[in-house]
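Okay, so here's the structure we're looking at.
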Amino acid sequence: MTWIINLAGLLLMALIVWWFWLARREPGQRSEDGEFHIRVADGVYDPATLHARVGQPLTLWFHRQDPSPCAEQVIFQGLDVSAFLAVGEPTAVRLTPGQAGRYRFTCQMQMYQGTLIVD
1277 MTWIINLAGL
1287 LLMALIVWWF
1297 WLARREPGQR
1307 SEDGEFHIRV
1317 ADGVYDPATL
1327 HARVGQPLTL
1337 WFHRQDPSPC
1347 AEQVIFQGLD
1357 VSAFLAVGEP
1367 TAVRLTPGQA
1377 GRYRFTCQMQ
1387 MYQGTLIVD
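Here it is as structure tokens:
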């Protein structure tokens, strides 16, 4: 009986690892006008991959639906940009990437993860 509980625990851990780190997300979204709408819910940013051009002014609208404390902040690593996200209210994050590259954006605990690809 103990082995069944251990097996169930291992399967649950594998599911968690797959969900947060290994699951393939959609290929990404590109916006000609530089405006994106990102849903924050169920442990993910949707879309999680954004494509933009160097020097293009961007407005990222975060629509937070998840009330968990982990979802309350978004941090763009390498761009020195962060914002607090209110539940149920769209929050605009404005930035203009000056260099090509891949910029991760995460919550403060790095459970929610996304990528801004600038080319």
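Heads up: the sequence shown is residues 1277 to 1395, going by our numbering.
No residue lacks a Cβ here, since even glycine has one placed at the ideal position from N, Cα and C.
Keep in mind the model is a prediction, meaning the values are calculated, not measured.
Three-state secondary structure assigned by DSSP to residue i
i, result
"Leu1334", "strand"
"Glu1311", "strand"
"Ala1362", "coil"
"Leu1326", "strand"
Span separating the alpha-carbon of residue i from that of residue j
i, j, result
"Val1320", "Phe1296", "8 Å"
"Leu1287", "Thr1372", "42 Å"
"Ser1307", "Ile1281", "47 Å"
"Phe1338", "Leu1361", "7 Å"
"Ala1284", "Val1293", "14 Å"
Boundaries of the alpha helix (DSSP H) in which residue i is found, first to last residue
i, result
"Val1293", "1278 to 1293"
Cβ-Cβ separation, residue j to residue i (assumed contact under 8 Å), whole Å
i, j, result
"Arg1380", "Thr1391", "6 Å"
Check whether residue i and residue j have beta carbons under 7 Å apart
i, j, result
"Val1316", "Arg1340", "yes"
"Pro1345", "Gly1310", "no"
"Phe1312", "Leu1336", "yes"
Range of the contiguous beta strand (DSSP E) that encloses residue i
i, result
"Ala1368", "1367 to 1371"
"Gln1386", "That residue, Gln1386, is in no beta strand (DSSP E); it is neither H nor E in DSSP."
"Phe1352", "1349 to 1352"
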